[in-house]
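**Q** If you read the protein sequences in the order shown, they are chains D and S.
Start counting the first sequence at 8; every next residue gets the next number (my numbering).
Start counting the second sequence at 9; every next residue gets the next number (my numbering).
Beta carbons: idealized from backbone N, C-alpha and C, even for Gly.
Note that the coordinates shown come from a computational prediction; the quantities given were computed from them, not determined experimentally.
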Amino acid sequence: MRTATLPLFPRTTGRTKTRNPGTVTDNLWRAAVMVALLALWAALSVLTDLVASPAASFTALVELFADGSIYRHLNATLQAVLIGFLIAAAAGFPLGYAIGRSKFLGAVFDPIVAGAFAIPRVIFFPILLQVFGVGVGAQSAMAALAAVFPIMVSTTAGVRAINPLLPKLARSLNLSPLQTVAKIYVPAMAPSLMVGIRIGFSIAFINVIIAEFFAARAGLGLLTLRAYGQLDLPAMYGIIVLLALIALAGNLALWAAERRLSRKA
Amino acid sequence: MVAGQSGSGEDPWTRGAAGVTVAKTLTRSQPDPLRRRAAAVRWAILVGLVVVLEAATRTGLVDRTLMVPPSEILARLISIVPTGQFGADAVRTITTILVAFAVGLVLGIPLGVVLWRIPAAGRILEPFIVTGYAMPTLLFYPVLLAVMGLNAGPIILIAASMSLVPIALTTMVALNSIKPILHKLANSVNASPSQYYVKVLLPAATPLVFPGVKLGFIYAVIGTVAMEFILAAQGIGFRAGFYYRELNTADMWAYIAVVVVLSVLVNSILTWLEKRIRRDML
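Below, the structure is given as structure tokens:
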């Protein structure tokens, strides 16, 4: 039960083994939930001045795209999330794998990784600002620092949960270490690697926004704050919707891939 | 991995209370040399890190505006901790965390139960709740500030929404993975609904739900400190950002150290609790 010492992510997939025939109705219901949320938003906008109406917000968002002023910020945010996530993945997967494979490394680093996971990494943002200067560099570094530990944790858990027969199979087939990793471990761990990717993406995204709130030259977080500062509420809600849609789309894509992989496994 | 835990662990039927005690006394009578060596290496790494940082900052390899020597951070801490301002900040941050976590727990567990009781709702809403991990609820921070004012309210709401997600999800997954025989047992002894929940579901699900609750608490800590860091009037996270803007590197590092110690402490307590809970479960 050594895995129990690490913070664990709930595995939501793999539970529904049977392909349920109601997928279409489910999606219809999901669309209904979206519509209900939109209706709730519209109702709130009627009740209070602090909430702009959906129509006004979408118009403001379309305007931002039409005059092209949003692209600089959209680029900055997406770039920071992507670069940060790639750095985190490049560091997190091998490190998590090493910690999961070796009993000794696990015993040494488990508590350190679990402790680092629990620290709000945003608190180190001022230092990143001083190293990288205000800009995409600092935001990317923030995303990487935030996402690397969740990726490590889920990779480690994935390695440990592997069927013990598989490494034995690799040994009896005389596979080279590289083959063992590529042909045995990665396919067997695919679902938990996807969990790491999804959580890593989510955390990178959230932390880039937080970092942009604190200090940035460009970015959707900065744009939101600026719109709020100018009391341009429709634009602010428009950008919030855009960000929520990015989060939803990214998450759904990764989540679908995760489900497919764990159904196969 | 909740699913992995139940799957990879020993068969719960052969792992009785007696087996657990035997295993415990065995591990206690013979100290694990690997663990001891690992702990030694771990401390060597941590101490080495502090020594390297001390050397790098003392020799000017790392600029003073970036980091002050760890010994100086400690000295600043010793002079900061007894002050009334620190006390107020610490009380504010800790109460915010606790209230946010309590809200997350009180809303998250029933939500998980509902998602389990009504499988269709669980299936339909799952993608939305999963997105909750990435949903930047903190984007509403400016609005919440306008509505509730610059106090703990907006922070509590956001941190609670972050802590709710893992709690609700693990509750749902845990209840789904309870052995079917337990439901049948409750049925056959004619358990009342309250008995069913308190005497069957609660003890059976607790060990599986706890990792989610732990994650929820960690998220409450992260959410609270992060929000304070962006914009607040009080709190440990606020103070770190405040001293950054004041260009007071020593005090900023002192507050960063407080955050690090606080979160590592919270994590250790939760890990310890997790082991306790597991010990007396079947």
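#1: So, helix, strand or coil for V89 (chain S), using DSSP?
#2: Less than 7 Å between CB atoms is the rule here; does F103 (chain D) satisfy it with respect to chain S?
#3: Mind checking if F111 (chain D) is an interface residue toward chain S, Cβ cutoff 7 Å exclusive?
#4: On a CA-only basis, which of S:V266, S:G243, S:W280 and S:F237 is nearest Y252 (chain S)? Give me that one, please.
#5: Could you check whether the Cβ of L147 (chain S) sits closer than 7 Å to any Cβ belonging to chain D?
#6: Among residues of its own chain, excluding the 5 on either side of W36 (chain D), which ones have a beta-carbon nearer than 8 Å to its beta-carbon?
#7: With 7 Å set as the bound, which would you pick, yes or no: does the beta-carbon of P133 (chain D) sit closer than that to a beta-carbon of chain S?
#8: From P133 (chain D) to F220 (chain D), what distance separates their C-alpha atoms?
#9: Closer than 8 Å is the cut-off here; do at least three beta carbon pairs connect the region 80-94 of chain D with the region 139-152 of chain D?
#10: Any contact of the region 235-251 of chain D with the region 172-192 of chain D, i.e. 3+ C-beta pairs under 8 Å?
#11: I'd like to check one pair, W124 (chain S) with N184 (chain S): are the Cβ atoms closer than 7 Å?
#12: Would you mind telling me which residues of chain D sit closer than 9 Å to R66 (chain S), beta carbon to beta carbon, in chain order?
#13: Where do the N-terminal and C-terminal ends of the alpha helix (DSSP H) with E205 (chain S) fall, by residue?
#14: Measuring only the C-alpha atoms, how far is T187 (chain D) from S199 (chain D)?
#15: In chain D, which residues lie less than 9 Å from I238 (chain S) when you measure between Cβ atoms?
#16: Using three-state DSSP, classify K187 (chain S) as helix, strand or coil.
#17: Restricting to runs no shorter than 3 residues, where is the beta strand (DSSP E) found entirely within the region 219-247 of chain D?
#18: Distance cutoff 7 Å, beta carbons only. Does L74 (chain S) sit that close to anything in chain D?
#19: Give a yes or no on whether the minimum CB-CB distance between Y252 (chain S) and chain D is below 7 Å.
#20: Am I right that A153 (chain D) and A225 (chain D) are in contact with their C-beta atoms under 8 Å? What's the rounded C-beta distance?
#21: Which class does Q242 (chain S) belong to by DSSP, given the choice of helix, strand or coil?
#22: Leaving out five residues before and five after A248 (chain S) in sequence, what residues of the same chain have Cβ atoms less than 6 Å from its Cβ?
#23: If you draw a straight line from the C-alpha of R36 (chain S) to the C-alpha of P118 (chain D), how long is it?
#24: The alpha helix (DSSP H) with T84 (chain D) in it runs from where to where?
#25: Take the Cβ of P194 (chain D) as the centre, count every other Cβ of all protein chains shown within 10 Å, and call the residue buried at 16 or more, exposed below.
#26: Are there three or more Cβ pairs, one per stretch, closer than 8 Å when the region 144-153 of chain S is compared with the region 191-210 of chain S?
#27: Apart from the five residues just before and just after F208 (chain D), which ones in its own chain have a Cβ nearer than 8 Å to its Cβ?
#28: Which residues bound the alpha helix (DSSP H) around R45 (chain S)?
#29: Roughly how many whole angstroms lie between the Cα atoms of I130 (chain D) and A234 (chain S)?
#30: Among D:A197, D:L252, D:V141 and D:I158, which residue has its Cα nearest to the Cα of S121 (chain D)?
#31: Hey, would you say L255 (chain D) sits closer than 7 Å to T139 (chain S), going by beta carbons?
#32: Which residues, in chain order, does the region 69-102 of chain S contribute to contact with chain D at a C-beta distance below 9 Å?
#33: In the DSSP assignment, find the unbroken alpha helix (DSSP H) run with T162 (chain D) in it and report its ends.
#34: Residues of chain S with CB closer than 7 Å to the CB of R270 (chain D), please, in chain order.
**A** From the atom records:
#1: Coil, per DSSP.
#2: Note on identity: in this sequence residue 103 (chain D) is Gly, with Phe being the wrong assignment. No - not a single Cβ of chain S is within 7 Å of the one on G103 (chain D).
#3: Interface residue, yes.
#4: Among S:V266, S:G243, S:W280 and S:F237, the Cα nearest to that of Y252 (chain S) belongs to S:F237.
#5: The beta carbon of L147 (chain S) sits closer than 7 Å to some beta carbon of chain D.
#6: Excluding sequence neighbours, W36 (chain D) sits near nothing in its chain.
#7: For P133 (chain D), the closest Cβ of chain S is nearer than 7 Å.
#8: The alpha-carbon atoms of P133 (chain D) and F220 (chain D) are separated by roughly 12 Å.
#9: Enough Cβ pairs lie closer than 8 Å, so yes.
#10: Put simply, the region 235-251 of chain D does not touch the region 172-192 of chain D. Fewer than three CB pairs are less than 8 Å apart.
#11: Yes, the pair counts as a contact, with Cβ atoms nearer than the cut-off.
#12: Here the premise fails: no neighbours, minimum Cβ distance about 18 Å.
#13: Going by the sequence as given, residue 205 (chain S) is Tyr instead of Glu. Per DSSP, Y205 (chain S) lies in no alpha helix (DSSP H) and is assigned neither H nor E.
#14: Straight-line measurement puts the Cα of S199 (chain D) at about 17 Å from the Cα of T187 (chain D).
#15: Neighbourhood of I238 (chain S) in chain D, by CB distance below 9 Å: V129, I217, F220 and F221, in chain order.
#16: K187 (chain S) falls in the coil class under three-state DSSP.
#17: The DSSP assignment places no complete beta strand (DSSP E) segment of no fewer than 3 residues inside the region 219-247 of chain D.
#18: Closer than 7 Å to the CB of L74 (chain S) there is at least one CB belonging to chain D.
#19: Yes - at least one Cβ of chain D is within 7 Å of the one on Y252 (chain S).
#20: Not confirmed; about 20 Å, so no contact.
#21: In this structure, DSSP gives Q242 (chain S) a state outside helix and strand, which the three-state scheme calls coil.
#22: Excluding positions up to five away in sequence, the list reads M260, Y263 and I264.
#23: Caution is warranted here: a pLDDT of 49 is assigned to R36 (chain S), below 50, making its placement in the model unreliable, and the coordinate value is therefore given only provisionally. When rounded, the distance between both Cα atoms is 20 Å.
#24: Element bounds for T84 (chain D): Y78 to R108.
#25: Here P194 (chain D) is exposed. Its C-beta has fewer than 16 other C-beta atoms within 10 Å.
#26: Flag = no, the region 144-153 of chain S and the region 191-210 of chain S do not touch.
#27: Excluding positions up to five away in sequence, the list reads V88, F92, A154, G257, N258 and L261.
#28: It spans P41 to R66 - the alpha helix (DSSP H) in which R45 (chain S) sits, taken as one unbroken run.
#29: Their Cα atoms are separated by approximately 7 Å.
#30: In the sequence under discussion, the amino acid at residue 121 (chain D) is Ala, which differs from the Ser named in the question. Considering only D:A197, D:L252, D:V141 and D:I158, the residue with the shortest C-alpha distance to A121 (chain D) is D:I158.
#31: Yes.
#32: From the region 69-102 of chain S, only D71, T73, L74 and M75 have a Cβ closer than 9 Å to chain D.
#33: First-last of the alpha helix (DSSP H) with T162 (chain D): V143 to R167.
#34: Near R270 (chain D) there are no residues of chain S at all, since even the closest Cβ is about 13 Å away, more than 7 Å.
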